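**Q** This is the structure I want to talk about, given as structure tokens.
Numbering (the UniProt record's numbering), first residue to last: 1 to 172.
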């Protein structure tokens with residue numbers, strides 16, 4: 001074996017480590033920009049939107065954006081489903097002709113409904129009651145991305161059976 005001074009062997013090791021780190025800069029940067037937790041990624045993306053008081057549409061995140069920020073798509077789908085069931089967020093199918101979905105925090109969605117409600121000044125009481133009925137009965141029970149007409153009709157009959165919801169429908 002060759003007798004190499006200890007300090008020179010450390011210098012060699014240090015140089016190799018530094019040069020190998022330099023090659024991985026883009027890799028480590030990529031790891032810094034991807035997340036392992038869907039909710040954290042959503043909150044960070046949501047925080048990127050400016051806080052504007054009279055915005056017409058509350059911020060939403062595209063599911064495809066989320067896929068590009070979280071390492072595991074299967075994990076994203078599972079966590080989105082769990083967050084949807086826990087009523088933390090809502091998913092919406094976008095009418096783009098593709099399989100696009102928007103993700104919106106439930107609080108933001110309720111703010112959106114309230115904003116529309118406030119813009120309806122001068123409308124009849126029955127029109128206001130439709131929004132309240134929707135928030136109480138539809139949002140609470142229908143967590144999917146859409147609801148069909150027949151489901152709305154059935155929900156109306158269910159609430160009528162409880163003595164609620166009759167005044168929001170026009171009389172014949």
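Quick reminder that beta carbons are idealized off the backbone N, C-alpha and C, glycines included.
Fair warning: this is a prediction, and the values are worked out from it, not measured in the lab.
Quick check on the DSSP output: the beta strand (DSSP E) that includes residue 92 runs from which residue to which?
**A** Looking at the DSSP string, the run of the beta strand (DSSP E) that includes residue 92 is 89-93.
**Q** Of all the options 38, 124, 159, which has the alpha carbon lying nearest to the alpha carbon of residue 64?
**A** Residue 38 is the option with its Cα nearest to residue 64.
**Q** Would you kindly check if the distance between the Cβ of residue 84 and the Cβ of residue 91 is under 8 Å?
**A** In this structure, residue 84 lies closer than 8 Å to residue 91 by Cβ.
**Q** Out of 82, 96, 55, point me to the one whose CA is closest to residue 112's CA.
**A** Of the candidates 82, 96, 55, the one whose C-alpha sits nearest the C-alpha of residue 112 is 55.
**Q** Looking only at its own chain, which residues have a Cβ that is under 6 Å from the Cβ of residue 109, when we skip the five neighbours before and after it?
**A** Counting only Cβ-Cβ distances below 6 Å, and skipping sequence neighbours, we find 90.
**Q** Are the Cβ atoms of residue 105 and residue 88 separated by less than 8 Å?
**A** Contact: yes.
**Q** Can the beta-carbon of residue 138 be found closer than 8 Å to that of residue 42?
**A** No, Cβ-Cβ distance for residue 138 and residue 42 is not below 8 Å.
**Q** I'd like the list of long-range same chain contacts for residue 100, defined as Cβ closer than 6 Å, with 5 residues on each side in sequence excluded.
**A** If we look at residue 100 and ignore the five residues flanking it on each side, its Cβ neighbours are 94.
**Q** With a cut-off of 8 Å on the beta carbons, I'd call residue 128 and residue 117 a contact; round off their distance for me.
**A** So it is a contact: roughly 7 Å between Cβ atoms.
**Q** Do residue 66 and residue 57 have their beta-carbon atoms positioned less than 8 Å apart in this structure?
**A** No.
**Q** Using the Cβ count rule (16 or more neighbours within 10 Å means buried), how would you classify residue 154?
**A** The residue in question, residue 154, is exposed, as its Cβ has fewer than 16 Cβ neighbours within 10 Å.
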